[in-house]
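Student: Here you go, one structure.
Number of protein chains: 2
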Amino acid sequence: MTTSYALLIEYDGRGFVGWQLQANGLSIQKVVEDAAAHLAQGAPVACAVAGRTDAGVHAEGQVAMIALPGGLAPERVRDALNFYMKPHAVVVREAQPAPDGWHPRFRALRRRYRYVILNRRARPALEMGRVWHLPHDLDAGLMAEGARHLLGRHDFTSFRAASCQAKSPIRTLDRLDVWRDGTHVVVEAEARSFLHHQVRNMVGTLKLVGEGTWAPSRVADALAARARSAAGPTAPPDGLTFLAVDYATPIFAAGYSCGSGKAEGA
Amino acid sequence: MTTSYALLIEYDGRGFVGWQLQANGLSIQKVVEDAAAHLAQGAPVACAVAGRTDAGVHAEGQVAMIALPGGLAPERVRDALNFYMKPHAVVVREAQPAPDGWHPRFRALRRRYRYVILNRRARPALEMGRVWHLPHDLDAGLMAEGARHLLGRHDFTSFRAASCQAKSPIRTLDRLDVWRDGTHVVVEAEARSFLHHQVRNMVGTLKLVGEGTWAPSRVADALAARARSAAGPTAPPDGLTFLAVDYATPIFAAGYSCGSGKAEGA
Numbered sequence: 191m192t193t194s195y196a197l198l199i200e201y202d203g204r205g206f207v208g209w210q211l212q213a214n215g216l217s218i219q220k221v222v223e224d225a226a227a228h229l230a231q232g233a234p235v236a237c238a239v240a241g242r243t244d245a246g247v248h249a250e251g252q253v254a255m256i257a258l259p260g261g262l263a264p265e266r267v268r269d270a271l272n273f274y275m276k277p278h279a280v281v282v283r284e285a286q287p288a289p290d291g292w293h294p295r296f297r298a299l300r301r302r303y304r305y306v307i308l309n310r311r312a313r314p315a316l317e318m319g320r321v322w323h324l325p326h327d328l329d330a331g332l333m334a335e336g337a338r339h340l341l342g343r344h345d346f347t348s349f350r351a352a353s354c355q356a357k358s359p360i361r362t363l364d365r366l367d368v369w370r371d372g373t374h375v376v377v378e379a380e381a382r383s384f385l386h387h388q389v390r391n392m393v394g395t396l397k398l399v400g401e402g403t404w405a406p407s408r409v410a411d412a413l414a415a416r417a418r419s420a421a422g423p424t425a426p427p428d429g430l431t432f433l434a435v436d437y438a439t440p441i442f443a444a445g446y447s448c449g450s451g452k453a454e455g456a
Numbered sequence: 191m192t193t194s195y196a197l198l199i200e201y202d203g204r205g206f207v208g209w210q211l212q213a214n215g216l217s218i219q220k221v222v223e224d225a226a227a228h229l230a231q232g233a234p235v236a237c238a239v240a241g242r243t244d245a246g247v248h249a250e251g252q253v254a255m256i257a258l259p260g261g262l263a264p265e266r267v268r269d270a271l272n273f274y275m276k277p278h279a280v281v282v283r284e285a286q287p288a289p290d291g292w293h294p295r296f297r298a299l300r301r302r303y304r305y306v307i308l309n310r311r312a313r314p315a316l317e318m319g320r321v322w323h324l325p326h327d328l329d330a331g332l333m334a335e336g337a338r339h340l341l342g343r344h345d346f347t348s349f350r351a352a353s354c355q356a357k358s359p360i361r362t363l364d365r366l367d368v369w370r371d372g373t374h375v376v377v378e379a380e381a382r383s384f385l386h387h388q389v390r391n392m393v394g395t396l397k398l399v400g401e402g403t404w405a406p407s408r409v410a411d412a413l414a415a416r417a418r419s420a421a422g423p424t425a426p427p428d429g430l431t432f433l434a435v436d437y438a439t440p441i442f443a444a445g446y447s448c449g450s451g452k453a454e455g456a
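So the protein lines, in turn, are chains A and B.
Take the first sequence: its letters are residues 191 to 456, numbered as in the numbering used here.
Take the second sequence: its letters are residues 191 to 456, numbered as in the numbering used here.
Below, the structure is given as structure tokens:
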């Protein structure tokens with residue numbers, strides 16, 4: 191008899207090859223699965239996940255699922271995983287019993303990402319590895335104007351990595367907000383799902399608008415071109431954080447919910 | 191002929207022995223002075239500072255002064271120092287000409303510190319090294335009540351490190367606010383100057399109040415006792431950030447000003 195648990199996971203993506211198991215380095219999945227094996231008498235435990243983040247991308251609210259033998263209390267699963275995952279910068283914020291038939295990826299209704307640009311002359315010290323440093327003034331208002339051209343249901347081929355394995359390039363972008371908060375320019379994106387590198391490619395394109403290289407309307411042209419070469423470069427992973435996933439029935443007490451907007455700050 | 195510059199400095203205190211030069215490891219002062227020597231044809235440059243932070247303590251708005259030969263533009267000083275300080279987590283946010291007779295330490299009217307506690311069951315991942323992790327529920331309201339007993343002009347012997355070199359233990363504490371922001375408990379302190387470890391000893395004492403070990407009024411008893419043993423333990427450096435210094439005439443365009451309160455968030 192096994193019990194399935196939903197896990198709300200936070201991690202600092204620096205030093206990891208990304209979420210997914212890879213032969214060439216340590217993944218977050220490997221850290222979680224190795225810790226989980228301690229709770230399964232050493233038997234391998236597979237971990238399903240809502241969003242496979244890339245190397246260097248962070249998470250405040252990644253959602254995963256594991257099945258473990260016996261009926262351990264969720265709090266004990268959380269504490270034991272956190273103990274075995276030391277000293278890695280990966281923690282389970284909350285564990286809950288997984289509802290019947292639930293799956294972190296296939297049942298996700300909405301995913302939310304935040305991208306933070308540090309827009310000042312001096313490189314980051316306190317936020318090294320957590321922001322994209324752009325020393326020249328960005329106009330966040332123009333970036334927000336450019337962003338609006340991407341809202342809705344579109345073929346996002348122009349913003350899709352060559353390596354993207356999704357069957358269709360059609361996605362519905364529900365929210366793409368851009369605002370300035372002091373020396374930070376913050377971009378938040380929400381959609382049921384995203385293509386590989388979609389957020390970073392959108393941010394890399396909006397950067398061209400913010401610095402004045404592109405008029406905001408050129409974002410619409412880039413989208414319509416349906417060619418990766420028509421859009422801007424891929425923004426670095428450092429500034430990207432996977433914030434939250436929504437399900438039809440909320441699973442966790444803690445964590446961001448999608449759709450609550452800018453009020454939460456950066 | 192030399193020109194004096196006021197520097198607004200940000201750093202991540204992890205991995206440093208503190209601000210001050212020491213034989214047993216790398217200090218932030220050493221990083222700044224070594225970079226400054228590049229701008230002085232290799233001659234040694236001494237750096238005066240507003241507050242000598244301890245090992246592991248961070249800064250958003252440390253203020254320092256250096257004198258350099260020639261009349262370099264302040265922006266060039268900032269950029270050159272940031273170049274030579276790579277890859278250390280130390281940057282000059284802003285450089286300005288130092289006013290005549292100004293000194294970052296002796297002319298300081300007010301200093302401001304922030305201490306951040308992560309108050310949740312899971313240890314920090316994204317904020318490792320930047321917060322004090324306390325897994326058991328703290329009552330921030332009780333902590334704020336305890337903090338009020340410390341406001342004003344007092345003999346702070348109970349909150350002073352044995353190593354403190356100040357001539358007098360009398361200080362005037364202008365502000366000591368405590369509030370909860372989600373899973374964070376934030377403490378902000380303002381005074382013209384602080385004794386060595388004063389902020390960390392106040393936070394370590396307020397922690398006893400927040401967890402219910404002490405009644406808030408016992409903070410007043412600890413203060414009155416004028417004995418270090420009467421107060422709580424020293425909180426770890428990780429959660430502490432030196433935010434800002436005020437002078438009679440504002441020196442920098444950027445940076446926090448003291449006295450503006452909670453609105454800036456954590």
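Yeah, the Cβ is synthetic: ideal placement off N, Cα and C, and Gly gets one too.
The structure presented is a predicted model; accordingly, all values stated were derived computationally and were not measured.
Listing by chain order, which chain A residues have their CB less than 8 angstroms from the CB of B:Asp-224?
Tutor: Correct list: empty, because the minimum Cβ distance to chain A is about 16 angstroms.
Student: Which class does B:Val-442 belong to by DSSP, given the choice of helix, strand or coil?
Tutor: The sequence given here places Phe at residue 442 of chain B; Val does not occur at that position. DSSP places B:Phe-442 in coil when its eight states are reduced to three.
Student: Taking only runs that begin and end inside the region 238 to 319 of chain A, name each unbroken alpha helix (DSSP H) of 4 or more residues, in chain order.
Tutor: Taking only runs of at least 4 residues, the alpha helix (DSSP H) segments lying wholly in the region 238 to 319 of chain A are 264 to 274.
Student: Taking Cβ positions, are B:Pro-427 and B:Gly-246 nearer each other than 8 angstroms?
Tutor: Yes, they are a contact pair.
Student: Return helix, strand or coil for A:Val-222, following the three-state DSSP convention.
Tutor: Residue state, collapsed to three classes: helix.
Student: Just by C-beta distance, which residues in the region 318 to 338 of chain A are closer than 7 angstroms to chain B?
Tutor: The residues in question are Met-318.
Student: Going by other Cβ atoms of all chains shown within 10 Å of its Cβ, with 16 needed for buried, is B:Ser-353 buried or exposed?
Tutor: Exposed, since its Cβ has fewer than 16 Cβ neighbours within 10 Å.
Student: If you reduce the DSSP assignment to three classes, tell me which class B:Phe-349 lands in.
Tutor: Helix, per DSSP.
Student: Kindly give me the distance between the Cβ atoms of B:Val-389 and B:Met-333, rounded to whole angstroms, as I take these residues to be in contact under 8 angstroms.
Tutor: In fact, because the Cβ distance is near 14 angstroms, the residues do not count as touching under 8 angstroms.
Student: What are the residues in the region 287 to 304 of chain A lying within 8 angstroms of chain B by C-beta distance?
Tutor: Per Cβ criterion, the list is empty.
Student: Just to check my reading of the structure: A:Met-275 and A:Ala-196 have Cβ atoms closer than 8 angstroms, yes? What is that Cβ distance to the nearest angstrom?
Tutor: Not really, about 17 angstroms apart at Cβ, beyond 8 angstroms.
Student: So what's A:Glu-200 in DSSP terms, helix, strand or just coil?
Tutor: The answer is strand: DSSP assigns A:Glu-200 an E or B state.
Student: Pick from A:Gly-203, A:Ala-337 and A:Ala-238: whose alpha carbon is nearest that of A:Val-399?
Tutor: Ranking the options by Cα distance to A:Val-399, first place goes to A:Ala-337.
Student: Answer yes or no: does any C-beta atom of chain A fall closer than 8 angstroms to that of B:Asn-272?
Tutor: By this cut-off, B:Asn-272 is an interface position.
Student: Please name the residue, chosen from B:Arg-311, B:Leu-229 and B:Ala-351, that lies closest to A:Arg-266 on a Cα-to-Cα basis.
Tutor: A:Arg-266 has its Cα closest to that of B:Arg-311, out of B:Arg-311, B:Leu-229 and B:Ala-351.
Student: Step through the CB atoms of chain A and report whether any lies within less than 8 angstroms of the CB of B:Leu-433.
Tutor: It does not: the Cβ of B:Leu-433 has no partner Cβ on chain A nearer than 8 angstroms.
Student: Could you pull out every unbroken beta strand (DSSP E) segment of at least 3 residues lying fully inside the region 396 to 440 of chain B, listed in chain order?
Tutor: Runs of the beta strand (DSSP E) inside the region 396 to 440 of chain B: 430 to 436.
Student: Looking at C-beta atoms only, is the number of pairs between the region 307 to 327 of chain A and the region 379 to 389 of chain A that lie closer than 8 angstroms three or more?
Tutor: Not touching, per the Cβ criterion.
Student: Output the boundary residues of the beta strand (DSSP E) element that contains A:Leu-363.
Tutor: Unbroken beta strand (DSSP E) run through A:Leu-363: 360 to 371.
Student: Three or more C-beta pairs closer than 8 angstroms, one from the region 344 to 353 of chain B and one from the region 413 to 428 of chain B: is that the case here?
Tutor: Yes, the region 344 to 353 of chain B touches the region 413 to 428 of chain B.
Student: If you measure from the beta carbon of B:His-248 to each beta carbon in chain A, is any gap under 8 angstroms?
Tutor: For B:His-248, the answer is yes, since a Cβ of chain A falls inside 8 angstroms of its Cβ.
Student: Less than 6 angstroms between C-beta atoms, sequence neighbours within five positions excluded: which residues of the same chain meet that for B:Pro-314?
Tutor: Cβ neighbours of B:Pro-314 beyond the five flanking positions: Leu-308, Val-321 and His-323.
Student: DSSP state of B:Ala-356, grouped into three classes?
Tutor: Three-state result, B:Ala-356: coil.
Student: Thinking just about the alpha-carbon of each residue, which of B:Leu-229, B:Phe-206 and B:Ala-225 is nearest to the one in B:Leu-216?
Tutor: Ranking the options by Cα distance to B:Leu-216, first place goes to B:Phe-206.
Student: With 8 angstroms as the threshold, decide whether the Cβ of B:Pro-216 is near any Cβ in chain A.
Tutor: The sequence given here places Leu at residue 216 of chain B; Pro does not occur at that position. Output row for B:Leu-216: interface = no.
Student: Roughly how many whole angstroms lie between the Cα atoms of B:Asp-371 and A:Val-281?
Tutor: Straight-line Cα distance between these residues: approximately 20 angstroms.
Student: By Cβ distance below 6 angstroms, which residues in the same chain neighbour B:Ala-226 in space, the five residues on each side in sequence not counted?
Tutor: So the qualifying residues of the chain are Val-235 and Ile-256.
Student: Count the other C-beta atoms from every protein chain shown that fall within 10 angstroms of the C-beta of A:Phe-442, then say buried if there are 16 or more, exposed otherwise.
Tutor: A:Phe-442 comes out buried.
Student: Here's the rule: buried if 16 or more other CB atoms are within 10 angstroms of the residue's CB, otherwise exposed. What is A:Thr-192?
Tutor: Answer is exposed; the Cβ neighbour count stays below 16.
Student: Once DSSP output is grouped into helix, strand and coil, what is the label at B:Ala-213?
Tutor: Coil.
Student: Taking the alpha-carbon positions, what's the A:Asn-391 to B:Ala-233 distance?
Tutor: Spanning the two alpha carbons is a distance of roughly 47 angstroms.
Student: Taking the straight line between their C-alpha atoms, what separation do you get for B:Val-306 and A:His-344?
Tutor: Straight-line Cα distance between these residues: approximately 43 angstroms.
Student: Run through chain B and tell me which residues come within less than 7 angstroms of A:Tyr-201, C-beta to C-beta.
Tutor: Correct list: Ala-315.
Student: According to DSSP, simplified to helix, strand and coil, what is A:Ala-236?
Tutor: Coil.
Student: Might you give, ordered along the chain, the residues of its own chain that have their beta carbon closer than 8 angstroms to the beta carbon of A:Ala-456, omitting 5 neighbours on each side?
Tutor: In this prediction, A:Ala-456 has a pLDDT of 33, which is less than 50 and means its spatial position is unreliable; what the coordinates show is noted afterwards. Answer for A:Ala-456: Arg-304, Val-306, Asp-371, His-374 and Val-376, listed in chain order.
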